[in-house]
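Notes follow once the structure below has been shown.
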Amino acid sequence: MKLSVIIPVFNEVNTVCHVIDAVRKCGVKDLEIIVVDDCSTDGTTALLDSLPPSPDLVIAHHDHNQGKGAGIRTAQKLVTGDVVIIQDADLEYSPTEFPQMFQLIEEGKADAVFGSRYSGRIILVDTWIHYKGNQWLTGFSNFCSNLHLTDMETCYKMIRADLFKSFHLECNRFGFEPEITAKLSRLHARIYEVPIAYTARPYDEGKKIGWKDGVAALWYILKYNWFVHRI
Ligand SMILES: Nc1nc2c(ncn2[C@@H]2O[C@H](COP(=O)(O)OP(=O)(O)O)[C@@H](O)[C@H]2O)c(=O)[nH]1
Ligand SMILES: [Mg+2]
Numbered sequence: 546m547k548l549s550v551i552i553p554v555f556n557e558v559n560t561v562c563h564v565i566d567a568v569r570k571c572g573v574k575d576l577e578i579i580v581v582d583d584c585s586t587d588g589t590t591a592l593l594d595s596l597p598p599s600p601d602l603v604i605a606h607h608d609h610n611q612g613k614g615a616g617i618r619t620a621q622k623l624v625t626g627d628v629v630i631i632q633d634a635d636l637e638y639s640p641t642e643f644p645q646m647f648q649l650i651e652e653g654k655a656d657a658v659f660g661s662r663y664s665g666r667i668i669l670v671d672t673w674i675h676y677k678g679n680q681w682l683t684g685f686s687n688f689c690s691n692l693h694l695t696d697m698e699t700c701y702k703m704i705r706a707d708l709f710k711s712f713h714l715e716c717n718r719f720g721f722e723p724e725i726t727a728k729l730s731r732l733h734a735r736i737y738e739v740p741i742a743y744t745a746r747p748y749d750e751g752k753k754i755g756w757k758d759g760v761a762a763l764w765y766i767l768k769y770n771w772f773v774h775r776i
C-alpha cells in the first residue's frame with residue numbers, strides 16, 4: 546500500500562526541507578510527498594523550486610495565500626496513494642509515528658487513525674491556553690459527533706485515500722480539522738487513536754494558528770456535525 550503525505554506550507558523556510566527528509570526516512574517504503582506552497586513570502590517558494598526533481602515528490606504552488614485547508618484541497622486532487630496523512634511543515638510532529646498508524650489501516654482494522662498528543666507520550670510543555678483550547682474543542686466535537694477522541698485538532702489524521710478523495714472539503718483555513726472529523730464520524734468510519742509525541746513551537750518560531758481559529762472551530766464543529774449534510 547502506498548502512503549501519500551500532504552505537506553501544506555506557508556512561510557516555513559527553516560523547516561520544510563527537514564520535514565521532507567524526515568518523511569522520506571519515516572519507515573513506510575512506498576510513499577509520495579505532495580507539498581503545497583501557499584504563496585509563501587519568506588523564500589520557501591524558491592527553496593522548494595531548487596529541490597532536485599524526484600519521482601516521490603510533487604510540488605504545487607498557489608498564486609495567492611488561501612490557508613491550510615485550501616492547500617489540502619489542492620493536494621486532494623493530486624493524491625495517487627492508498628492512504629493519506631497530513632504533515633505540517635514545522636517540526637511539531639515526527640513522521641517516525643507513521644508506521645504504527647499505517648499498520649492499522651494496512652491490516653484493514655481502521656479507516657482512519659488519529660495521532661493523539663494528549664494520551665501519554667512525550668509533550669514539550671505547551672501553553673495553558675493552547676492545551677486547554679484543544680481540550681475544549683475536542684470535548685465539544687465529541688459532544689456533537691458522539692465520538693470519544695482525546696485530540697480532535699491533531700494534524701496527524703491518517704485516512705484511507707478513497708474516503709479522503711471522496712470528501713467535499715470546504716474550509717480554507719484551520720477549520721479543516723473539525724470538518725474532516727465530522728465527515729468521518731458521519732460516515733461511521735472506524736477511527737483509531739494512537740499516542741504520538743509532540744514538540745510545541747512558540748509563535749516567535751512561526752506558529753500561525755491563533756485564538757480566532759479556535760473560535761471559528763466552534764462554529765465549524767456545529768456546522769459540519771449538525772447543519773451541513775453533504776459529506
Ligand atoms: N497552505 C497553508 N498552510 C498554512 C497556512 N498557515 C499555516 N499553514 C501551515 O499549517 C501548518 C500548521 O500551522 P501551525 O501554525 O503550526 O498550527 P498548528 O500546528 O495546527 O498549531 C504549518 O505547516 C503551516 O506552514 C496557510 O495560510 N496556508
Ligand atoms: Mg504546527
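Residue numbering for the sequence shown follows our numbering, starting at 546 and increasing by one per position.
Ideal Cβ placement from N, Cα and C applies to all residues, glycine included.
Could you round the C-beta distance between residue i and residue j to whole angstroms and report it? I think they count as a contact, below 8 Å.
i: F643; j: G572; result: 7 Å
i: E637; j: T726; result: With 8 Å as the limit, E637 and T726 do not qualify as a contact, their Cβ atoms being about 19 Å apart.
i: V550; j: I630; result: 6 Å
i: D627; j: A706; result: 5 Å
i: K728; j: Y769; result: 7 Å
i: S686; j: P723; result: 6 Å
i: F659; j: T699; result: 6 Å
i: G665; j: P740; result: 5 Å
i: D635; j: E557; result: 6 Å
For residue i, does the three-state DSSP call read helix, strand or coil?
i: G660; result: strand
i: D608; result: coil
i: K768; result: helix
i: H702; result: In the sequence as displayed, the identity of residue 702 is Lys instead of His. In this structure, K702 counts as strand in the three-state DSSP scheme.
i: P747; result: coil
i: S585; result: coil
i: I674; result: helix
i: L682; result: helix
i: S549; result: strand
i: I650; result: helix
i: L763; result: helix
i: E577; result: strand
i: P740; result: strand
i: I631; result: strand
i: L602; result: strand
Can you say whether residue i is buried or exposed, counting buried as having 16 or more other CB atoms within 10 angstroms of its CB?
i: P600; result: exposed
i: S595; result: exposed
i: G720; result: buried
i: R775; result: exposed
i: K757; result: exposed
i: K613; result: buried
i: F772; result: exposed
i: P553; result: buried
i: I674; result: exposed
i: T589; result: buried
i: V760; result: exposed
Please tell me whether residue i and residue j are closer than 8 Å, where the distance is taken between their beta carbons.
i: S730; j: L692; result: yes
i: E652; j: M546; result: no
i: V561; j: L602; result: no
i: A567; j: P640; result: yes
i: L649; j: Y737; result: yes
i: N717; j: Q611; result: yes
i: K702; j: A762; result: no
Handout entry: Three or more C-beta pairs below 8 Å linking the segment 738 to 752 and the segment 710 to 728
Key = Contact annotation: the segment 738 to 752 does not touch the segment 710 to 728, with fewer than three C-beta pairs closer than 8 Å.
Exercise for the section: Determine contact between the segment 576 to 593 and the segment 606 to 620, defined as no fewer than three beta-carbon pairs at a distance below 8 Å. Expected result: Enough Cβ pairs lie closer than 8 Å, so yes.
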